[in-house]
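Enquirer:
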Amino acid sequence: MTENFAFTGKAREYFRVWIVNLFLTVVTLGLYSPWAKVRRKRYLHGHTWLAGSNFDYHGDPWAILRGRLVAVAAFLLYTTTAHFSPRAGAAVLLVLMPAVPWLILRSFAFNAANTSWRHLRFAFEGRYFDALRAIAPFALVPVATLLLPLPDQAGRPTARNAALLTAPGLIFGLAYPYARARLAMLHVGGSRYGSEAFHCAVTVRSFYGIYVKAFFVTFGSGIVIGVAMALLGMLAARRAQEPELFSVAIIVAYIVMLATAMGYTQARTGNLVMNATRLGGLAVRSRLSAKRLMRLYVGNVLAIVATLGLAVPWAVVRTLRYRAACLCMEGEGSLDAFAAPRGAQAVSATGEELGEMFALDLSL
Amino acid sequence: MNGLFAADYFDGLTSRRRAVEVVVVGDRIGLRGSELTLDFRQRDLRPRPRVGSAPLDIELPNGGLLVAPYEDVAGFIPIPPLASLADRLERRLAVVVAALAGLAVAAFLVYSEGIPWLAAVAADRLPAEVEADIARQGLAFLDANIFRPSHLPPGRRAGLEERLGQLATAEGMPVPRMEFRFGGFIGPNALALPGGVIVVTDQLAEILDDEGMTAVLAHELGHLRHRHGTRRILQASFVGLFTAAIFGDVSGGTLAATVPAAFLYSGYARDLERDADAFAFDLLRRTGRSPLLLASALQRLQDDADRRRSRRDALQRSRTGYLASHPLTEERMEAAERAAAR
């Protein structure tokens with residue numbers, strides 16, 4: 148059998164949910180935001196269908212509120228120290244490092260435990276060691292920032308200064324595909340639907356292949372877009388006597404470039420991970436086209452910029468519609484035969500909220 | 006009310022979907038399917054809040070779930086008003102329009118009043134050592150990337166330092182440290198770094214005489230007096246936090262929000278410049294000078310920029326130097342004239 152996923156949400160309908168809840172969040176000075184989040188997620192889950200049944204989201208707003216308060220406190224501590232002294236910020240990050248694997252596990256667990264399909268919950272269980280192994284190379288970034296000497300005071304653009312300035316970024320870039328691969332394995336491999344475990348067989352090496360190609364795709368498009376936007380910005384700035392137009396053109400070029408990079412890597416890694424995933428007797432199939440996802444994302448960011456953010460619901464809906472249309476389950480098994488596990492536990496939202504605050508983008 | 010509708014039933018034990026007919030008789034409700042007969046009291050049912058056009062989920066007292074289109078259920082099973090409050094608001098066009106208008110006003114107030122106010126309050130509570138640290142790091146960065154050592158004669162430097170000392174004393178604030186640098190591509194410029202450091206470039210001191218420099222120094226002193234540097238850093242932080250809170254749920258959304266943020270920063274910067282100008286007009290008058298001093302200093306810088314503009318690339322000129330980081334020269338000159346007329 149083959150069963151396709153489908154997303155039936157509509158931009159106009161989701162816009163209403165989004166704007167009303169955003170407004171309530173703002174007038175309550177953010178206190179309503181957990182309820183808004185639950186409402187949005189329920190809309191998105193509730194309009195995602197598989198085999199005639201839709202998904203649902205069950206996050207408890209009070210649990211999310213508690214998590215958010217902890218996350219805001221931690222974020223303020225980090226940004227203030229990092230803004231005033233990059234070294235102190237790096238030290239704070241290093242201290243927080245051991246908590247990050249735990250945070251990742253909690254975040255996966257909270258989302259899984261609060262997602263249901265056909266009245267059965269998903270679940271996630273992972274080992275601290277596996278999460279630690281996934282992100283351990285990132286610890287080299289703050290270590291490098293702390294240990295490497297500062298560039299010379301009279302720093303001219305020498306090779307030594309250039310190396311010192313780019314070293315942390317380079318380490319991050321080299322560690323990134325490894326971390327994404329390990330996190331994907333951890334996430335999918337640790338997930339269950341009811342009592343049935345997901346299995347995922349991907350290799351770290353295949354992730355490097357994708358990111359190396361993505362680097363060149365981004366680099367190539369970056370040069371073209373960058374030069375075009377710089378020229379355009381220069382012309383506009385000169386004509387309107389408004390130097391800011393030039394900076395805006397550069398920022399737009401930058402986000403368009405990032406959008407293409409994101410579209411490419413998400414399509415390729417999404418296909419890779421999904422096509423290596425099995426649930427019981429069923430296989431997951433994903434046929435995302437990198438070209439289409441890149442176009443989609445570029446359209447999204449441009450529309451969001453042009454509407455000062457009002458196009459966000461439209462962007463979310465069209466992205467989910469495309470992604471769902473590319474996903475299906477197939478195999479000899481049946482979607483009716485999954486059973487509930489014995490005794491499920493409640494999961495606190497703190498990890499999930501901390502993760503969101505620090506922009507740990509853990510989704511596949 | 007009595008009735009009959011079709012629904013899906015899930016027992017919560019397996020993922021099997023069972024089609025059932027739901028029979029409502031008085032306050033009882035019955036589920037009828039193949040090999041399945043269940044009866045409940047209506048008041049034991051727990052409908053989940055409705056959202057969009059998704060079907061309605063009704064939790065049953067036996068741990069099962071009943072799923073049916075909202076329109077089919079609505080007439081038969083009472084839905085508690087509180088559970089559907091958010092949904093009712095979202096469906097009302099007037100509420101959506103009001104939310105949109107309210108958000109526009111709220112965003113305007115937060116960005117134009119709230120964030121600057123919050124930044125000013127936070128800046129005043131920041132320990133002095135932290136500010137001094139910002140200045141140290143800022144200057145180290147500029148020295149490494151832009152500045153070169155100054156060639157200004159020691160006599161000229163001492164004269165300018167003395168004038169800065171007079172201004173600070175008249176205002177009753179500690180005398181800031183003065184640093185002289187060759188400005189590189191930032192050209193004729195003056196900067197006030199948080200924590201009490203004023204940097205003056207050689208190019209600026211070469212264009213302006215000591216009186217003109219006094220006007221510029223009074224302006225920079227205004228930045229220090231009102232902690233503008235620290236406030237700008239905090240404003241950037243708060244804008245980031247607020248924007249992330251709004252656009253956090255879409256990939257790339259936070260990124261896209263950097264464009265409006267770029268406009269916001271320059272808007273904040275202009276407000277702070279006006280603020281520093283007002284301070285300078287007042288201080289100049291109190292030390293027996295005219296606010297027009299700042300206007301004529303700006304005029305000289307403008308003339309100098311125009312002279313060089315005719316020689317080299319126009320854009321290159323207009324994007325650097327004191328006038329670029331301190332925009333709206335004409336508006337500022339008019340403000341000086343108004344202040345002098347008072």
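Taken in sequence, the protein lines are chains H and U.
Residues in the first sequence are numbered from 148 upward in steps of one, following the working numbering.
Residues in the second sequence are numbered from 6 upward in steps of one, following the working numbering.
We treat Cβ as the ideally placed atom computed from N, Cα and C, and that holds for glycine.
In terms of residues, what are the limits of the beta strand (DSSP E) holding H/His205?
Expert: The residue given as residue 205 of chain H occupies position 58 in the first sequence. Unbroken run through H/His205: none, as it is neither H nor E.
Enquirer: Under three-state DSSP, which class holds H/Thr262?
Expert: In the first sequence, residue 262 of chain H corresponds to position 115, counting from 1. Strand.
Enquirer: Measuring only between beta-carbons, confirm whether H/Leu169 sits less than 8 Å from chain U.
Expert: Reading the first sequence from its first residue, position 22 is the one you call residue 169 of chain H. Yes, its Cβ sits closer than 8 Å to a Cβ of chain U.
Enquirer: Taking 7 Å as the limit between beta carbons, can you name the residues of its chain near U/Val100, skipping five residues before and five after?
Expert: As a first step, residue 100 of chain U is located in the second sequence; it is residue number 95 there, counting from the start. Excluding sequence neighbours, U/Val100 sits near Leu94.
Enquirer: Counting Cβ pairs, one atom from each stretch, are 3 or more of them under 8 Å apart for the region 429-436 of chain H and the region 396-404 of chain H?
Expert: no
Enquirer: According to DSSP, is U/Gly293 helix, strand or coil?
Expert: Along the second sequence, read from residue 1 onward, the residue named residue 293 of chain U stands at position 288. In the structure shown, U/Gly293 sits in coil (DSSP, three-state: anything other than H, G, I, E or B).
Enquirer: If I follow the unbroken alpha helix (DSSP H) through U/Val150, where does it start and stop?
Expert: Mapped onto the second sequence, residue 150 of chain U falls at position 145. Here residue 150 of chain U turns out to be Asn, not Val, going by the sequence shown. For U/Asn150, the uninterrupted alpha helix (DSSP H) run begins and ends at Ala133 to Asn150, by DSSP.
Enquirer: Pick out whichever of U/Gly245, U/Pro74, U/Val56 and U/Gly69 has its Cα sitting closest to the Cα of H/Phe222.
Expert: Position 75 of the first sequence, counting from 1, holds the residue named residue 222 of chain H. Cα-wise, what sits closest to H/Phe222 is U/Gly245.
Enquirer: So with CB distances below 8 Å, who are the chain U contacts of H/Ile166?
Expert: Here the question's residue 166 of chain H lines up with position 19 in the first sequence. Result: Val101, Ala104, Leu105 and Leu108.
Enquirer: Taking the continuous beta strand (DSSP E) assigned at H/Ser433, which residues delimit it?
Expert: Within the first sequence, residue 433 of chain H is the residue found at index 286, counting from 1. Start and end: Leu429 to Ser433.
Enquirer: Could you tell me which residues DSSP puts in a beta bridge with U/Arg186?
Expert: As a working mapping, residue 186 of chain U is identified with position 181 in the second sequence. Per DSSP, U/Pro154 and U/Thr206.
Enquirer: Confirm, please, whether the CB-CB distance from H/Pro324 to H/Tyr355 is below 8 Å.
Expert: What you label residue 355 of chain H is simply residue 208 of the first sequence in a count that begins at 1. What you label residue 324 of chain H is simply residue 177 of the first sequence in a count that begins at 1. Yes, the pair counts as a contact, with Cβ atoms nearer than the cut-off.
Enquirer: What is the rounded straight-line gap between the Cα of H/Ala198 and the Cα of H/Tyr340?
Expert: Mapped onto the first sequence, residue 198 of chain H falls at position 51. Mapped onto the first sequence, residue 340 of chain H falls at position 193. C-alpha separation (whole angstroms): 15 Å.
Enquirer: Please report the straight-line C-alpha distance between H/Leu440 and U/Leu147, rounded to a whole angstrom.
Expert: Walking along the first sequence from the start, residue 440 of chain H turns up at place 293. Walking along the second sequence from the start, residue 147 of chain U turns up at place 142. So the alpha carbons of these two residues sit roughly 41 Å apart.
Enquirer: Measure the C-alpha to C-alpha separation of U/Ser155 and U/Leu209 and round it to an integer number of angstroms.
Expert: Indexing the second sequence from 1 puts residue 155 of chain U at position 150. Indexing the second sequence from 1 puts residue 209 of chain U at position 204. Computed Cα separation, rounded: 12 Å.
Enquirer: Mapping DSSP to helix, strand and coil, what is U/Arg236?
Expert: Along the second sequence, one-based indexing puts residue 236 of chain U at 231. Residue state, collapsed to three classes: helix.
Enquirer: Between the beta-carbon of U/Gly227 and the beta-carbon of U/Asp280, is there less than 8 Å?
Expert: Taking the first residue of the second sequence as 1, we reach residue 227 of chain U at position 222. Taking the first residue of the second sequence as 1, we reach residue 280 of chain U at position 275. In this structure, U/Asp280 lies closer than 8 Å to U/Gly227 by Cβ.
Enquirer: Can you tell me where the alpha helix (DSSP H) holding H/Ser180 begins and where it ends?
Expert: Residue 180 of chain H sits at position 33 when you count from the first residue of the first sequence. H/Ser180 -> alpha helix (DSSP H) spans Ser180 to Gly193.
Enquirer: Which residues share a DSSP beta bridge with U/Gly8?
Expert: The residue labelled residue 8 of chain U in the question sits at position 3 within the second sequence. U/Gly8 pairs with U/Val29.
Enquirer: Does the structure place the region 234-250 of chain H close enough to the region 271-291 of chain H that three or more beta carbon pairs sit under 8 Å?
Expert: yes
Enquirer: My output table needs one value for H/Phe257: the three-state DSSP class, helix, strand or coil.
Expert: Looking up residue 257 of chain H in the first sequence gives position 110. H/Phe257: helix per DSSP, three-state reduction.
Enquirer: Does the structure place the region 115-133 of chain U close enough to the region 193-211 of chain H that three or more beta carbon pairs sit under 8 Å?
Expert: Counting C-beta pairs closer than 8 Å gives fewer than three between the region 193-211 of chain H and the region 115-133 of chain U, which falls short of the contact rule.
Enquirer: Give the secondary structure of U/Arg324 by DSSP, where H, G and I count as helix, E and B as strand, and everything else as coil.
Expert: Residue numbering aside, residue 324 of chain U sits at position 319 when the second sequence is read from its first letter. The predicted model places U/Arg324 with a pLDDT of 46, which falls under 50 and marks its position as unreliable, so this point remains unresolved.
Enquirer: Counting only beta-carbon separations shorter than 8 Å, does U/Gly201 have a partner in chain H?
Expert: Within the second sequence, the letter at position 196 stands for residue 201 of chain U. U/Gly201 does not count as touching chain H.
Enquirer: Under 8 Å, Cβ to Cβ, is there at least one residue of chain H near U/Val364?
Expert: Chain U is shown only over 6 to 347; residue 364 of chain U falls outside these bounds and no answer can be derived.
Enquirer: Would you call U/Met178 buried or exposed, if buried means 16 or more other Cβ atoms sit within 10 Å of its Cβ?
Expert: Within the second sequence, numbered from 1, the residue matching residue 178 of chain U stands at position 173. Exposed is the call here.
Enquirer: So who's on the other strand from U/Leu44, going by DSSP bridges?
Expert: As a working note, residue 44 of chain U is residue 39 in the second sequence. Per the sequence presented here, residue 44 of chain U reads as Asp, with Leu not at that position. For U/Asp44, which the question treats as bridged, DSSP gives the partners U/Gly35.
Enquirer: Considering only the beta carbon of each residue, do H/Lys157 and H/Val464 sit closer than 8 Å?
Expert: To locate residue 157 of chain H, count along the first sequence from 1; it is residue 10. To locate residue 464 of chain H, count along the first sequence from 1; it is residue 317. Yes, the Cβ-Cβ distance between H/Lys157 and H/Val464 is below 8 Å.
Enquirer: Return no unless some Cβ of chain H is closer than 8 Å to the Cβ of U/Asp13.
Expert: Here residue 13 of chain U corresponds to residue number 8 of the second sequence, with the count starting at 1. Interface residue, yes.
Enquirer: Mind checking who H/Glu343 pairs with in its DSSP beta bridge?
Expert: Position 196 of the first sequence, counting from 1, holds the residue named residue 343 of chain H. Paired residue(s): H/Tyr340.
Enquirer: Have a look at U/Asp309, U/Arg337 and U/Asp276 and flag the residue whose alpha-carbon is nearest the alpha-carbon of U/Ala300.
Expert: The count along the second sequence starts at 1 and reaches residue 300 of chain U at position 295. When only C-alpha atoms are compared, the closest one is U/Arg337.
Enquirer: With a threshold of 7 Å, establish whether the CB of H/Leu293 neighbours any heavy atom of the ligand NAP.
Expert: Here there are no bound small molecules, and the ligand NAP is not part of this structure.
Enquirer: Can you list the residues of chain U that H/Ala486 reaches, using a CB-CB cut of under 9 Å?
Expert: The residue labelled residue 486 of chain H in the question sits at position 339 within the first sequence. Within chain U, the residues near H/Ala486 are Leu18, Thr19 and Ser20.
Enquirer: Using the C-alpha atoms, what's the distance from H/Leu178 back to U/Pro121?
Expert: Start at 1 with the first residue of the second sequence, and residue 121 of chain U comes out as number 116. Start at 1 with the first residue of the first sequence, and residue 178 of chain H comes out as number 31. Rounded to whole angstroms, U/Pro121 to H/Leu178 spans 22 Å at the Cα level.
Enquirer: H/Arg268 lies in the beta strand (DSSP E); which residues open and close that run?
Expert: By one-based count along the first sequence, residue 268 of chain H stands at place 121. Counting along the chain, the beta strand (DSSP E) containing H/Arg268 begins and ends at Leu267 to Phe271.
Enquirer: Closer than 8 Å between beta carbons: that is the criterion. Which residues of the region 66-100 of chain U meet it against chain H?
Expert: Gly69, Leu70, Val72, Ala91, Leu94, Glu95, Arg96 and Val100
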